[in-house]
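Chains as they are written, first to last, in the working numbering: chain G, 1 to 383; chain L, 1 to 383. Glycine included, each C-beta is placed from N, C-alpha and C at the ideal position. One structure below.
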């Protein structure tokens, strides 16, 4: 049976392939985007897991928008105004997919930074959006380029990850956030703010969401994969209610609703008195690992390579002199370290600037040290 | 923000609306398709719920195709040949959605029986399929009409619910199953077999799947909502591996994977020694309720109305003389009983023959008796 035209446009995921290769025990993987299993707050979930046995209602069909008590809790926690609402999705990945399906016609322009999150490229690709990119600097998207792009292309949406961007780790400055929000309002472009890493800040103060500056022109996606557990597959999408209603309608066809026992489990976790302590522990662990990775990189990277410092998130971006990064990643894999080459993060891979994405959340300090040695050795061979 | 053209084609769900109205305490609802909460095998799930606390791996990101141990178990349980594989979906509703997205281009012809499952009409509508219908008789689809339809329209797929069809309760005969399979092979039409009610047979012997007669030209969807619990949101899709691979690719973008703790919970349940007893108990409960409903209908329905007997499933279909079934459903609701009028189950609602769908799984015997009294009273007023 021939596959659909929209699916034909989706390349098979290089990351999936490299992750498969990286499962070799002799390879240290900095390729994935996995939180450390040891950080999962299972102790804090255990009481709710036991209570589920006494909650037959959570095993019944549920509301498409989400489990009522969780919706109520998040509405308060997120301080949503009367005009806004929140819905629960099967991971924030589903939130993105619903947005694409509810709003994008083939050929509609969606703006992204380049490089950008692979999963977003997939869902917007599947609805045959015309993805237009703007370049990114240390404080976010290039603003002149962005305005020019809005003028030229009249895009429907601007999708971005302003907090600890995947793959670059860039955190947008306050001024950039305000400026982007103003542009979105002026040019009537919906801002799709994807914030899965926001809670993983280990240095400095949290900045407002971009959406805080354009609350009626944005949709905000939050993930519970990094602060609770990815296995639960829960995310939350919020925005003004008329933006959310079409997403609920698509979700009816997509999966009716997300797992209700998992939503009840998440609610119990978020309400647990030790949840803030759990968050501190995660941040502290990841900060230590980041520091180990980053200082090793600073010491050992060849001079023509640049590792970019971050204040949080899960990734460090290493820029390289022009080279074939796929061949490099292969060499590094043979050298016992898995990384992701930059072109996979570009909607137009041939426009990629040579770089590597390194993850620091799912390897021990010792492994990170050793990985950098292998990386430096490999780079010195090739570059 | 303007919604997508494909979403504009989807009418808002009348069933959702009537279900909302039916939440009134004075209304007995035969409108939904809910299993009885009391049948959920929570006792059988409790041991696994406790074990989850010791399984940190199920809280990590998982494989898109599903949790390995569950996949292995189902491969054996379903007796899949080497060439076939199974994947786990977020409810079998997602399986349908993935099939539509992976294979259907706008305008591609999908054949269904009329009436048909609303959720299927939604997902095929969202991908802008051209839905062509064939009529249904007591033993399944009209076979001459089906062959003519295959000849005329060269459809890509034939979607059907051969076991205890939603909404009519019809169970295809063995001869019809064999004939449909042969037609699908001859005309190269993929048979999409949706089997959520198959395990709810309370009379007679199980017939082979239609897919058993065309294993290389079919995709089979199974649900765990009726035998375990709908809240878990788990289904399974199987077929030859080259049919399944594109579904996995779409699922990567749709939600990465289904909840892993829920998959582990399901595995524990299916392996529990008392699971077969649990299934017997469900069947026995639903048989009793069906018998109560059906004999009350036979006694009290006006002469020009016909209730169709079933051997399993969740629904009884009551055919009526020509009338405005929406107005009738409204009158019945005011009379304290909620039912679903036939046009909502037709891709072309104006072609609907007047009928009502009655659910018998989620009301007590007393409530079913009372509901039929109210129904008969309302029908006598209107018809």
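Boundaries of the beta strand (DSSP E) around residue 130 of chain L: 130-137. Classified as buried, residue 230 of chain G has 16 or more neighbouring CB atoms from the shown chains inside 10 Å of its CB. Shown here, residue 359 of chain L sits in a strand according to DSSP, grouped into three states. Membership of residue 221 of chain L in any alpha helix (DSSP H) is not indicated; the residue belongs instead to the beta strand (DSSP E) covering 218-223. One finds 1 in chain G with Cβ atoms closer than 9 Å to the Cβ of residue 243 of chain L, taken in chain order. By the neighbour-count criterion, in which 16 or more other beta carbons inside 10 Å mark a residue as buried, residue 9 of chain L falls on the exposed side.
Look at residue 254 of chain G: its C-beta is under 7 Å from a C-beta on chain L.
Among the bridge pairs identified by DSSP, residue 89 of chain G is matched with G:235. When secondary structure is reduced to three states using DSSP, residue 84 of chain G falls in the strand class. In the DSSP assignment, the residues bridged to residue 29 of chain G are G:338. In the assembly as shown, residue 361 of chain G is a buried residue. Its beta-carbon has 16 or more other beta-carbons within 10 Å.
Spanning the alpha carbons of residue 96 of chain L and residue 209 of chain G requires a straight line of approximately 36 Å. Across the stretch 90-107 of chain G, CB contacts with chain L closer than 7 Å involve 90, 91, 93, 94, 97, 101, 102, 103, 104, 105, in sequence order along the chain. For residue 49 of chain L, a Cβ of chain G is located within less than 7 Å of the residue's own Cβ. Bridge pairing for residue 159 of chain L: L:112, L:192 [DSSP]. Under the DSSP assignment, residue 315 of chain L falls in the beta strand (DSSP E) whose first and last residues are 315-319. Judged by DSSP in its simplified three-state form, residue 62 of chain G adopts coil rather than helix or strand. When the beta-carbon positions are compared, residue 250 of chain G and residue 374 of chain G stay at least 7 Å from each other. With a threshold of 7 Å between beta carbons, residue 331 of chain G makes no contact with chain L. When 9 Å is used as the limit between beta carbons, residue 62 of chain G is near these residues of chain L: 230, 231, 233, in chain order. If you compare the alpha carbons of L:79, L:309, L:218, L:64 with that of residue 201 of chain L, the shortest gap goes to L:309. Taking one beta carbon from each stretch, the stretch 185-194 of chain L and the stretch 269-278 of chain L have fewer than 3 pairs nearer than 8 Å; the two do not touch.
With contacts defined as CB atoms closer than 7 Å, residue 104 of chain L and residue 127 of chain L qualify as a contacting pair.
In this chain, the alpha helix (DSSP H) harbouring residue 179 of chain G covers 174-186.
Chain-order list of chain L residues neighbouring residue 190 of chain G: 1, by C-beta distance under 8 Å. Beta-bridge partners of residue 141 of chain G (DSSP): G:136. Listed along the chain, the chain G residues whose CB falls inside 7 Å of the CB of residue 34 of chain L are 60, 61. Proximity of the stretch 107-114 of chain L to the stretch 245-262 of chain L falls short of the contact definition, fewer than three beta-carbon pairs being nearer than 8 Å. No Cβ of chain G is located within less than 7 Å of the beta carbon of residue 135 of chain L.
Membership of residue 8 of chain G in the alpha helix (DSSP H) is indicated by the continuous run 5-8. A direct Cα-Cα distance of roughly 5 Å separates residue 84 of chain G from residue 241 of chain G.
Counting C-beta pairs with one atom in each stretch, the stretch 78-92 of chain L and the stretch 207-224 of chain L have three or more that are closer than 8 Å, which means they touch. Residues of the stretch 117-129 of chain L with a C-beta less than 7 Å from any C-beta of chain G: 119, 122, 123, 126, listed in chain order. Not a single CB atom of chain G sits nearer than 7 Å to the CB of residue 213 of chain L.
Here residue 296 of chain G carries a helix assignment [DSSP, helix/strand/coil].
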